[in-house]
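Numbering (this note's numbering), first residue to last: 5 to 521.
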């Protein structure tokens, strides 16, 4: 009904009620729904549409009179209306407009599947300062339905709506940014702790909560010292000050022997942000490097002493040079083996020079078995091998897998006295979904306390009969690294006096550990 609320007092009361309703929510869809329903009911329109515009004038959200349109059709309708229709005209001219009869006005766009055609239309821009952030269109089946007073009232409502839409858009933007920040903090592996200037916790991401062993929700708002018991981290905060500019760095250690590189940075207007990066692996790698250098130096010292002593003896005893030459050759060979195995182990663990292919496992074993039979014959050890005929192809580095099996066979044959037996078998293990290669010998066995460290670098069992005693302590470490690179594992089973079985399990339904495919 045109002319609703014709007195200034009634108009102000109406706008006040509308402003209260529009300010009751910050959800954009709720705001758009309220704007449309309140304006339609206030001006007595039959239906309406509202567009929300971006800074470039593109429609970013819409509420159409025809809500039954599929998404793609509604996009085409909006594009057409903005191009040649009434809403587009209002946007370009930045002024409200009335169409008394849609049949006589070219600004009204009719679509082929329209079931009814309204006769009157009114459109106003939602203006906030110099920016048009929306367009509101009302229609009615009666010609000449909307008056100039309706335009004035619609413009006033549109002004309130423009503010509500802007607030809703800002709220949606803040929520989106908050969700993005939360998603980043949830997924990032580094631990992040944010506190205010009084060092009360504002934020803990899951990584930080796990390290500090606390609930991130319970920690919010509490003093730092009430949540964090780690002295090295608290010491970092003790160095902070309100006027600090440069970040403070330090190393944080936890009860489980983990190490973190911590950086505490000032955040203007907030307080402090601390980021902890896990450097446990790097610390252990450095320790391992030191251990490796120590072990290599120790193992090289013996061969070098032999070489030096033999050379000196050669000078003094020219007639007995052949014996010394053999000693020198043996020592050099041990040094060469040590260096080659050390390099092999480093390359395998780093995933370098691995050439993946999918093939039957027998192809990795053929050459290895030929050499093992010859070695066993020289040692007078009985050797047998059996591979199940139904083994599926696996993804493998043929050379490295063969090298691992060769190491096991070489150890087993050396370990087994003359007249003993060495057996190789390869079969499917459905429980592990893997092909398991086992090398079993009838040697003296390995003490139980030595089994857990057999596959460690430079590990040697304290027995004159052990496999690694005459080696460099890297053969089984290579076996373990090869198995791990293939996504599998290696282990040993032994009983003193009953022999030993070494095994490698290679999955046939998974990718290699380095992610190669």
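Note that beta-carbon positions come from the ideal geometry of N, C-alpha and C, so glycine has one too.
Residue i, buried or exposed, once every other Cβ within 10 Å from all chains shown has been counted against 16
i, result
"residue 492", "buried"
"residue 502", "exposed"
"residue 418", "buried"
"residue 5", "Unreliable positioning characterises residue 5 in this predicted model, as indicated by a pLDDT of 43, which lies under 50. The coordinate reading is nonetheless provided below. By the 10 Å Cβ count, residue 5 comes out exposed."
"residue 13", "exposed"
"residue 214", "exposed"
"residue 248", "exposed"
"residue 368", "buried"
"residue 60", "exposed"
"residue 434", "exposed"
"residue 512", "buried"
"residue 58", "exposed"
"residue 154", "buried"
"residue 115", "exposed"
Pairwise C-alpha distance: residue j and residue i
i, j, result
"residue 51", "residue 40", "8 Å"
"residue 361", "residue 200", "55 Å"
"residue 72", "residue 97", "Residue placement at residue 72 is poorly supported in this model, since its pLDDT is 49, which falls under 50; the coordinates still yield a value, given next. Cα to Cα, the separation comes out at about 30 Å."
"residue 22", "residue 104", "26 Å"
"residue 500", "residue 413", "19 Å"
"residue 152", "residue 124", "13 Å"
"residue 43", "residue 140", "9 Å"
"residue 480", "residue 386", "23 Å"
"residue 38", "residue 277", "42 Å"
"residue 161", "residue 150", "15 Å"
"residue 504", "residue 428", "12 Å"
"residue 482", "residue 455", "16 Å"
"residue 394", "residue 459", "30 Å"
"residue 224", "residue 230", "11 Å"
"residue 107", "residue 173", "36 Å"
"residue 148", "residue 90", "16 Å"
"residue 285", "residue 396", "36 Å"
"residue 121", "residue 112", "10 Å"
"residue 468", "residue 212", "Model confidence at residue 468 stands at a pLDDT of 40, short of 50, so the residue's coordinates are unreliable; what they give is reported in the following sentence. Computed Cα separation, rounded: 50 Å."
"residue 390", "residue 290", "43 Å"
"residue 109", "residue 87", "15 Å"
"residue 222", "residue 280", "21 Å"
"residue 24", "residue 146", "31 Å"
"residue 506", "residue 371", "20 Å"
"residue 144", "residue 126", "9 Å"
"residue 408", "residue 194", "37 Å"
"residue 376", "residue 410", "8 Å"
"residue 442", "residue 430", "6 Å"
"residue 485", "residue 402", "14 Å"
"residue 184", "residue 364", "48 Å"
"residue 56", "residue 210", "37 Å"
"residue 204", "residue 241", "11 Å"
"residue 100", "residue 218", "59 Å"
"residue 158", "residue 244", "57 Å"
"residue 68", "residue 78", "8 Å"
"residue 232", "residue 287", "24 Å"
"residue 437", "residue 478", "28 Å"
CB-CB length for residue i against residue j, believed under 8 Å
i, j, result
"residue 398", "residue 450", "Between residue 450 and residue 398 the Cβ distance is about 29 Å, and since that is not below 8 Å, they are no contact."
"residue 234", "residue 253", "Not really, about 16 Å apart at Cβ, beyond 8 Å."
"residue 133", "residue 54", "19 Å between Cβ atoms; not a contact."
"residue 404", "residue 358", "6 Å"
"residue 266", "residue 238", "The pair is not a contact, with the Cβ atoms about 11 Å apart (cut-off 8 Å)."
"residue 275", "residue 198", "7 Å"
"residue 426", "residue 378", "With a Cβ gap of about 13 Å, residue 426 and residue 378 do not count as contacting."
"residue 383", "residue 422", "6 Å"
"residue 522", "residue 208", "Shown here, the chain extends from 5 to 521; a query on residue 522 therefore has no answer."
"residue 496", "residue 508", "Going by Cβ atoms, the distance from residue 496 to residue 508 rounds to 11 Å, so no, they are not a contact pair."
"residue 269", "residue 251", "4 Å"
"residue 561", "residue 135", "This structure cannot settle anything about residue 561, because the visible part of the chain is limited to 5 through 521."
"residue 19", "residue 171", "About 17 Å separates the two Cβ atoms, so there is no contact after all."
"residue 432", "residue 388", "The pair is not a contact, with the Cβ atoms about 19 Å apart (cut-off 8 Å)."
"residue 142", "residue 228", "The Cβ separation is near 57 Å, so there is no contact."
Continuous alpha helix (DSSP H) stretch holding residue i: start and end
i, result
"residue 371", "366 to 383"
"residue 162", "152 to 191"
"residue 523", "Because the chain is modelled from 5 through 521, residue 523 falls outside the range shown and cannot be assessed."
"residue 215", "210 to 216"
"residue 4", "Examination of residue 4 is not possible in this model, given that the chain is present from 5 through 521 alone."
"residue 222", "220 to 223"
Proximity test, Cβ basis, 8 Å: residue i and chain D
i, result
"residue 196", "The structure shown contains no chain D, having only a single protein chain."
Unbroken beta strand (DSSP E) run spanning residue i, endpoints
i, result
"residue 51", "51 to 57"
"residue 482", "First-last for residue 482: 479 to 489, but that is the alpha helix (DSSP H), not the beta strand (DSSP E)."
"residue 3", "Here the chain comprises residues numbered 5 to 521, so residue 3 is not present and cannot be evaluated."
"residue 91", "Here residue 91 belongs to no beta strand (DSSP E); instead the alpha helix (DSSP H) covers 90 to 97."
"residue 386", "386 to 391"
### Query
Are the segment 182 to 194 and the segment 154 to 169 in contact at 8 Å, needing three or more beta carbon pairs?
no
### Task
Would you check if the segment 174 to 181 and the segment 150 to 165 touch, i.e. whether three or more CB-CB distances between them fall below 8 Å?
no
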